[in-house]
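For reference, the structure discussed in these notes is given below.
Residue numbers (the working numbering): 74 to 221.
Structural data, given as structure tokens:
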């Protein structure tokens with residue numbers, strides 16, 4: 074098995090270069106929209122963690138950290154992706170382990186994430202990594218056409 078390498082991506086160019094793996098989660102997102110979103114997100118503590126097998130990005134997650142009154146400093150996992158051809162190789166665990174260490178290093182009180190209600194595979198994975206549901210994430214869609 075080839076060596077897996079974990080890299081934290083902090084620049085627009087580094088993140089944009091991984092556009093193809095993003096399309097596994099958002100097949101209809103355009104390159105222009107992805108770039109524009111990154112340009113808006115990066116100044117607000119957004120980074121990405123990527124797992125590479127050779128030159129190919131086989132796993133990726135976005136990260137935010139911030140402060141909320143109810144929990145203090147927290148880290149949020151966003152857009153967690155493992156390439157479909159590379160699942161069940163421990164890539165997801167490498168990502169969550171890296172996030173856990175980063176959150177610990179930043180003195181976060183917790184790590185949070187959203188998983189769609191019907192994504193039972195993700196639920197099982199997150200339970201196995203020590204995550205538990207705490208509440209509901211309610212949404213009110215105002216512009217269906219603006220969704221990715």
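Note that CB positions come from ideal geometry on N, CA and C, so glycine has one too.
I'd like the list of long-range same chain contacts for residue i, defined as Cβ closer than 7 angstroms, with 5 residues on each side in sequence excluded.
i	result
residue 150	134, 136, 172, 184 and 186
residue 195	188
residue 141	147
residue 212	none
Just to confirm, are residue i and residue j a CB contact at a threshold of 9 angstroms?
i	j	result
residue 182	residue 147	yes
residue 95	residue 131	no
residue 97	residue 129	no
residue 209	residue 165	no
residue 104	residue 92	yes
residue 214	residue 99	no
Measure from the alpha carbon of residue i to the alpha carbon of each residue in the options, then state which is nearest.
i	options	result
residue 77	127, 91, 199 and 170	127
residue 219	201, 102, 164 and 111	102
residue 90	100, 174 and 107	107
residue 88	152, 190, 169 and 214	152
residue 169	200, 211, 143 and 141	200
residue 75	144, 163, 154 and 190	163
For residue i, which residues does DSSP report across the bridge?
i	result
residue 144	Its beta-bridge partners do not exist; DSSP assigns none.
residue 107	DSSP output for residue 107 lists no bridge partner at all.
residue 181	DSSP output for residue 181 lists no bridge partner at all.
residue 121	82 and 135
residue 155	132
residue 217	None, per the DSSP bridge assignment.
Report all residues from its chain with a CB closer than 6 angstroms to the CB of residue i; omit the five preceding and five following residues, and keep chain order.
i	result
residue 125	78
residue 159	131
Counting only beta-carbon separations shorter than 9 angstroms, does residue i have a partner in chain B?
i	result
residue 183	Absence of chain B from the displayed structure is noted, only one protein chain being present.
Within a Cβ cutoff of 8 angstroms, which residues of the same chain sit near residue i, ignoring the five residues on either side of it in sequence?
i	result
residue 138	118, 146, 147, 148, 149, 176, 179 and 181
residue 85	108, 111, 112 and 115
residue 167	77, 79, 124 and 132
Three or more C-beta pairs closer than 8 angstroms, one from the stretch 81-97 and one from the stretch 106-124: is that the case here? yes
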